[in-house]
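All remarks here apply to the structure that follows.
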Amino acid sequence: MSSNIRVQRICQHCSKEFTAKTTVTQYCGDNCAKRAYKQKVKAEKVAASNSETSGIRIKPIEEINAKPFLSIAETGKLLGISRRTVYRMLERNEISAGKAGKRTIIQRSAIDQIFKSK
277 MSSNIRVQRI CQHCSKEFTA KTTVTQYCGD NCAKRAYKQK VKAEKVAASN
327 SETSGIRIKP IEEINAKPFL SIAETGKLLG ISRRTVYRML ERNEISAGKA
377 GKRTIIQRSA IDQIFKSK
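Take any residue in the sequence shown, count from 1 to its spot, add 276: that is its number in the numbering used here.
Dropping the structure here:
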């Protein structure tokens, strides 16, 4: 059972007008269909890569949030400031810290108090 339908359409890929033999045809030919498919697959790969990258970027912050004690570098990452600024905050007694050997350790609750006091 063949159809004698002829519908004027515009190609979804190249935007040229063509005559379609069915009502669901989107592309003017096989080349446009293949190019559109490749473009769609490429866009999906880029989106997957971007979501993976954002997951990798967020992961260290989530790990830092789970720790009860933080180093100077971790405190800087968590607050979005430099290590030197963390040391300045320690000198001004804005953050309380303890020593474990040569390492300076800051309690997570001390960092939370900075924002509660202001």
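Even glycine gets a Cβ: it sits at the ideal position worked out from N, Cα and C. Since we're looking at a predicted model, the values are computed, not measured.
Does the Cβ of Ile286 lie closer than 7 Å to at least one heavy atom of the ligand PLP?
-> Among the components of this structure there are no ligands whatsoever, and the ligand PLP is therefore not found.
So, using beta-carbon positions, are Gly352 and Val362 closer together than 8 Å?
-> yes
Could you tell me the distance, in whole angstroms, from the CA atom of Cys308 to the CA atom of Leu354?
-> 49 Å
Is the stretch 384-393 close to the stretch 342-350, with three or more CB pairs under 8 Å?
-> yes
Buried versus exposed, by CB contacts within 10 Å (16 or more), Ile371 | buried
Give me whichever residues DSSP pairs with Phe391 in a beta bridge.
-> Beta-bridge pairing links Phe391 to no other residue.
CA nearest to the CA of Arg364, picked from Thr298, Arg379, Ile348 and Gly377 = Ile348
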